[in-house]
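For reference, the structure discussed in these notes is given below.
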Amino acid sequence: MKIDWDARLPVDIRQRWGQFYEELERVKALSIPRKAIPGRTNIIDVHGFCDASEEAYGACIYIRSQSSDGKWHSRLLCAKTRVAPLKGSTIPRLQLNGALLLAELAQRVSESWQINVHQFKLWTDSTIVLGWLNSQSSRLKTYVAHRVA
């Protein structure tokens with residue numbers, strides 16, 4: 001079907017589009033339950049990870065739980081990514097941004113979950129970021145100090 005750009009749509013297409021739009025509005029009310037912790041558990045651990053590359057950085061949080069029968073289960077709870085700036089960022093700075101993103105994500109999880117967590121651990125493979133985190137912020141460059149503080 002060829003229709004000029006400025007031409008009015010035929011009635012049947014307008015009606016189908018209106019129906020589709022109404023159905024699309026109902027998607028907002030759609031709720032899909034997702035169990036992060038399966039059944040009864042003895043131990044619940046939260047583990048967060050962050051990483052970065054030249055293109056992006058990100059963080060994710062996993063729930064690790066031991067069920068009453070002794071089996072361990074791991075499930076991705078949430079994740080967040082960011083595209084790296086086109087210029088001006090080094091890998092260590094991007095790693096630091098990933099660690100900051102992880103800290104923010106972990107804080108949201110900690111504040112929103114009302115469960116007894118056995119361990120809450122955050123992980124990075126960047127020794128530079130670990131060094132910055134263990135330094136006094138007054139000794140660091142401004143960019144790093146603002147994110148470490």
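Taking my numbering, the leading residue of the sequence shown gets 1, the next gets one more, and so forth.
No residue lacks a Cβ here, since even glycine has one placed at the ideal position from N, Cα and C.
Asked: Opposing strand residues paired with Ile-44 [DSSP bridges]; Found: Ser-65
Asked: Straight-line gap, Gly-131 to Glu-54 (C-alpha atoms, nearest Å); Found: 21 Å
Asked: Distance cut-off 8 Å: His-73 Cβ against heavy atoms of the ligand PLP; Found: Absence of the ligand PLP is noted for the structure shown, with no ligands found whatsoever.
Asked: Exposed unless 16 or more other CB atoms sit within 10 angstroms - verdict on Ser-68; Found: exposed
Asked: Close beta carbons around Ser-137, own chain, < 7 Å, minus the five adjacent residues each side; Found: Ala-145, Val-148, Ala-149
Asked: Backbone secondary structure at Asp-12 - three-state DSSP; Found: helix
Asked: Local Cβ density within 10 Å of Arg-26, reported as buried at 16 or more and exposed below that; Found: exposed
Asked: Segment limits, beta strand (DSSP E) that includes Gln-107; Found: Taken as a continuous stretch (DSSP letters only), Gln-107 belongs to no beta strand (DSSP E), being part of the alpha helix (DSSP H) at 91-112.
Asked: Leu-76, buried or exposed, once every other Cβ within 10 Å from all chains shown has been counted against 16; Found: exposed
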